[in-house]
Amino acid sequence: MSRWLITNARLVSDGETTETDVRIERGRIDRIDGELSARPRETVVDARGRYLLPGMIDSWVHFREPGLTRKGNIASESRAAAAGGITSFLDLPDTLPATTSRRALADKFSRAQGRSTTNYSFYLGASAGNFEEVRSITAGEAGGLCVCVGGHGRDDVVDDPERLTELVAATSLPVTLHGESNSIVAGNRTQALARHDGELPASIHAEIHSREAARAALELARPLAQERVVHVAGISTLEETEALDAGDLRDKRLSASVCLPHLYFMDADYDTLGHLLKTDPAIQTATDRRALRRALADNRIDIIASGHAPHLLREKGPRYNAAAAGMPVVQFALPVAWSLVAARMLAPEKLVEKIAHNPARRFGLAERGFAREGFWADLVLLDAGRRCEVGKQALLSQCGWTPFAGRKLPATVTATWINGKLVWREGLLTGQVPGRRLETGPG
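Here the sequence shown is numbered in the numbering used here, starting from -19 and rising by one per residue.
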């Protein structure tokens, strides 16, 4: 079925919520009007009392393919994403091999074709030795250039200011920086080991991957933004939010995103979740979480991403030093994000700006991210009156666990359309795999 009429919806787009009907034909939004009548061979969905949103564009996922497919793969994680209200994703380059060449990019796009339920694109990763690749790959060939400025044990770190300036000047791709200070993390680790006889507690992660370490990407990005638009991913602390400017994304040279675990959890949750909560940058205090939420509301932080980074449960413990950093998020992404609306921290229109409009703008995604006539029909039906009880549904991420187990989230994704195809309805996948390669631009 590819012809749909969604009636009586609370449509949220372009800063407004409107009671209206939406017609979908040939993969696109054909008409938005409050008085549409059903046509022959058109499937009608009565959305009365529910929100209809442009699907989430998730700009920060690790889908683990190729090379790490014991944890997840494009097929499994994109299905989980669709269940969570995500209709498009940009995947990180830290696979095996790393996505630092045109050949590796082509391999990822080939793997996604016909297997990804959601729309897809992939970052080109910067490294010490791929300057010519960065120069030659143009906007449209990759979702963006991802520059890691620090990460414990990584060999793709580019943290020299002169080298960063050269990289940023050489590329037409949207540029995203992330990472922490290796030297600060290493020093904190040495001090922590000296204080503790035996095993480190899970909560030590917030001290080792400290707020001082977290500022590395933002500090390196600021001078780069004097010359061109730069994005910083993974804002996690009060101090970082205080260093960001408020304003419309379209007027900014320096933009920023935050991941859902940092908006939902806080350091007190280490007591119950232990190493399951371990992620980089670290989950910090309730004060930091409050500052991140406030920075979204006043437009210092522009984008919400999932930060999806699945690991097998056995890889998450039992010892701190061996526990992998990262957690699966995408299956419950929109219900978790909606907790900000339920708590009256963000209006529905503001949330949609952060999860759909601004990612489309920053990464130059053509005809995505808005519920407008003529745009691709990437839409999500959300019931804000029905709680999502995590644990009563099958887990779709290949790793088979979730940090949200036992939580009652404030809304339920009841349907997801991608390119006009229904892929998720009332807790079940339909089997449709309509994901397309995203058409990206300079942003």
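Using N, Cα and C, we set each Cβ at its ideal position, and we do this for glycine too.
Three-state secondary structure assigned by DSSP to residue i
i: residue 164; result: helix
i: residue 254; result: helix
i: residue 148; result: helix
i: residue 85; result: helix
i: residue 68; result: strand
i: residue 95; result: coil
i: residue 237; result: strand
i: residue 416; result: coil
i: residue 224; result: coil
i: residue 185; result: helix
i: residue 37; result: strand
i: residue 218; result: helix
i: residue 170; result: helix
i: residue 405; result: strand
i: residue 247; result: helix
i: residue 26; result: strand
i: residue 204; result: helix
i: residue 76; result: coil
i: residue 156; result: strand
i: residue 213; result: coil
i: residue 48; result: coil
Residue i - partner residues in DSSP beta bridges
i: residue 3; result: -15 and 11
i: residue 198; result: Looking at the DSSP assignment, residue 198 forms no beta bridge with any residue, so it has no partner.
i: residue 372; result: Answer is none; residue 372 lacks a bridge partner.
i: residue 32; result: -9 and 361
i: residue 105; result: 126
i: residue 232; result: Beta-bridge pairing links residue 232 to no other residue.
i: residue -4; result: -7
i: residue 398; result: 401
i: residue 393; result: 362
i: residue 137; result: 128
i: residue 119; result: 122
i: residue 356; result: 8
Presumed contact (8 Å Cβ cut-off) between residue i and residue j, rounded CB distance
i: residue 349; j: residue 337; result: 5 Å
i: residue 156; j: residue 127; result: 7 Å
i: residue 263; j: residue 241; result: 6 Å
i: residue 130; j: residue 110; result: Not really, about 18 Å apart at Cβ, beyond 8 Å.
i: residue 210; j: residue 148; result: 7 Å
i: residue 312; j: residue 382; result: 7 Å
i: residue 90; j: residue 401; result: Residue 90 to residue 401, Cβ: 21 Å. No contact.
i: residue 397; j: residue 358; result: 7 Å
i: residue 45; j: residue 75; result: 6 Å
i: residue 332; j: residue 64; result: Not a contact, Cβ separation roughly 15 Å.
i: residue 238; j: residue 314; result: The Cβ separation is near 15 Å, so there is no contact.
i: residue 275; j: residue 221; result: 4 Å
i: residue 152; j: residue 422; result: 6 Å
i: residue 58; j: residue 96; result: 4 Å
i: residue 388; j: residue 367; result: 5 Å
i: residue 213; j: residue 158; result: 4 Å
i: residue -1; j: residue -12; result: 7 Å
i: residue 70; j: residue 384; result: The pair is not a contact, with the Cβ atoms about 23 Å apart (cut-off 8 Å).
i: residue 13; j: residue 1; result: 6 Å
i: residue 179; j: residue 300; result: 6 Å
i: residue 316; j: residue 33; result: That pair is no contact at about 14 Å.
Problem - Inter-stretch contact (C-beta, 8 Å, three-pair minimum) for the region 416 to 423 and the region 99 to 107 - result: yes
Exercise for the section: Pair every Cβ in the region 364 to 378 with every Cβ in the region -7 to 10, then say whether three or more of these pairs are closer than 8 Å. Expected result: no
Handout entry: Segment contact, 8 Å Cβ cut-off, at least three pairs: the region 28 to 35 with the region 278 to 287
Key = no
Practice task
Enumerate, from N- to C-terminal direction, the unbroken alpha helix (DSSP H) stretches of 4 or more residues contained entirely within the region 281 to 351.
Solution key: 313 to 322, 328 to 332 and 338 to 342
Practice task
Taking 8 Å as the threshold, find out whether the region 225 to 234 comes into contact with the region 301 to 321 through three or more Cβ pairs.
Solution key: no
Practice task
Would you be able to state if there are at least three C-beta pairs under 8 Å between the region 38 to 52 and the region 7 to 21?
Solution key: no
Exercise for the section: Inspect the CB distances between the region 319 to 331 and the region 401 to 415 and report whether three or more fall short of 8 Å. Expected result: no
Exercise for the section: Could you say if the region 190 to 204 and the region 160 to 178 meet the contact criterion of at least three C-beta pairs nearer than 8 Å? Expected result: yes
Exercise for the section: Count the C-beta pairs between the region 241 to 254 and the region 180 to 189 that are closer than 8 Å, then say yes if the count reaches three, no if not. Expected result: yes
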